[in-house]
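Participant:
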Amino acid sequence: MNNNQQHQSKHNNIPKNQHQLDPKSSLKNQPAKRWIPVVKPLDILPLPPPIIKVKRKLHAEFDAKLRKVLPGSKIMDMNPKEQFESLRKVGSGANGAVVRAVKKHTKVQVAIKRCYIEDQDTPHHAYILRELRIMGCLNHPNLIQLREACLWEDHLWMCMELMSCSVFNLLFNTTTGLSEGHTVRIAKECLEGLVYLHSKNYMHRDIKCENILLGRNGQVKLADFGLATPLNRVNTNRLGTAKVTKYHLVSIATDH
1 MNNNQQHQSK HNNIPKNQHQ LDPKSSLKNQ PAKRWIPVVK PLDILPLPPP
51 IIKVKRKLHA EFDAKLRKVL PGSKIMDMNP KEQFESLRKV GSGANGAVVR
101 AVKKHTKVQV AIKRCYIEDQ DTPHHAYILR ELRIMGCLNH PNLIQLREAC
151 LWEDHLWMCM ELMSCSVFNL LFNTTTGLSE GHTVRIAKEC LEGLVYLHSK
201 NYMHRDIKCE NILLGRNGQV KLADFGLATP LNRVNTNRLG TAKVTKYHLV
251 SIATDH
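In terms of UniProt numbering, the sequence shown opens at residue 1 and continues consecutively.
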């Protein structure tokens, strides 16, 4: 037997499972699979719709009144804290504090009055809306003008033109007082503003040195219309106003 014959006989003697796997035989050796019986699927109820939280706008009733009082061009619907910077308190009015601020994109200095809004205090709403109507809709060189207003969260922001100082500040910081010419000019411009205001059926009711403002060019403007009221409104139920306490009348009554 030659070498080729010996090699062939050895090759033939190799067990079949070592030489070539039979697919059928390998499947027979595997354990049987467990079949899951087919059953009718249960009826699955549809999921409820997602709960969408609707964010209720704060002070919706006051906001609706605000939009009736002012033209749309003077209402700002964005966060005023992102529009103004360098806020610094400079005074206070009948309805809120007044701050000096700078508008970011124009770098113009403005005065801002911030008023706290409470839903239940509707009489206070009337004072604020009346002040907005006078500043936002009436136009006279001797009345302070409203540039824009914004109701944001619990506060109303009134953006107004910024004046240099009030007559009170001017008198407080001088020892000589005002000259007769300056006094006459201030009185004249105040009266011109009041005549116009009365022609629009409003009276100011809070004329004092703090509410007479002076501009850099010497222009005189009346400010703070928080106590203004229509001329045709008759008040027979009380003495004074809801914003002012007549303490001196109380002391007079006590003395007598």
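In this text, a Cβ means the ideal position worked out from N, Cα and C, and glycines have one as well. Predicted model, so just to flag it, every value in this text is computed and none were measured.
Closest to Gly226 by CA distance: which of Ile44, Asn95, Glu118, Ala64 is it?
Facilitator: Ranking the options by Cα distance to Gly226, first place goes to Asn95.
Participant: DSSP state of Pro230, grouped into three classes?
Facilitator: Three-state DSSP puts Pro230 in a strand.
Participant: Relative to the alpha-carbon of Asp77, which residue among Leu66, Glu85, Ser86 has its alpha-carbon at the smallest distance?
Facilitator: It is Leu66.
Participant: Note down, in chain order, each residue of its chain lying with its Cβ closer than 6 angstroms to the Cβ of Glu161, except the 5 sequence neighbours on either side.
Facilitator: Gln145.
Participant: By the DSSP assignment, the alpha helix (DSSP H) with Gly93 in it spans what residues?
Facilitator: Unbroken run through Gly93: none, as it is neither H nor E.
Participant: Looking only at its own chain, which residues have a Cβ that is under 6 angstroms from the Cβ of Leu138, when we skip the five neighbours before and after it?
Facilitator: Here the set comprises Lys200.
Participant: Can you give me the C-alpha to C-alpha distance between Glu205 and Ala228, rounded to a whole angstrom?
Facilitator: The identity of residue 205 in the sequence shown is Arg, whereas the question assumes Glu. Each residue's Cα considered, the two are about 6 angstroms apart.
Participant: State yes or no: is the C-beta of Trp157 within less than 8 angstroms of the C-beta of Pro71?
Facilitator: Result no, Cβ atoms of Trp157 and Pro71 do not sit closer than 8 angstroms.
Participant: Can we say the segment 101 to 121 touches the segment 172 to 192, given the rule of at least three CB pairs closer than 8 angstroms?
Facilitator: At 8 angstroms Cβ cutoff, the stretches do not touch.
Participant: What residue ranges within the segment 129 to 187 form continuous beta strand (DSSP E) runs of no fewer than 3 residues, ordered along the chain?
Facilitator: You should have 146 to 152, 155 to 161.
Participant: Please return the same chain residues whose Cβ sits closer than 6 angstroms to the Cβ of Cys209, not counting the five positions on each side in sequence.
Facilitator: If we look at Cys209 and ignore the five residues flanking it on each side, its Cβ neighbours are Val167, Phe168.
Participant: Would you tell me roughly how many angstroms separate the C-alpha atoms of Glu148 and Ala111, rounded to the nearest one?
Facilitator: Cα to Cα, Glu148 sits roughly 11 angstroms from Ala111.
Participant: Let's test the definition: count the other Cβ atoms within 10 Å of the Cβ of Leu171 and tell me whether it reaches 16, buried, or not, exposed.
Facilitator: When all chains shown are included, Leu171 counts as exposed.
Participant: Where Leu129 and His140 are concerned, what is the direct C-alpha to C-alpha distance, given to the nearest angstrom?
Facilitator: So the alpha carbons of these two residues sit roughly 19 angstroms apart.
Participant: In three-state DSSP terms, what is residue 260?
Facilitator: Residue 260 lies beyond the residue range present for the chain, which begins at 1 and ends at 256; the question has no answer from this structure.
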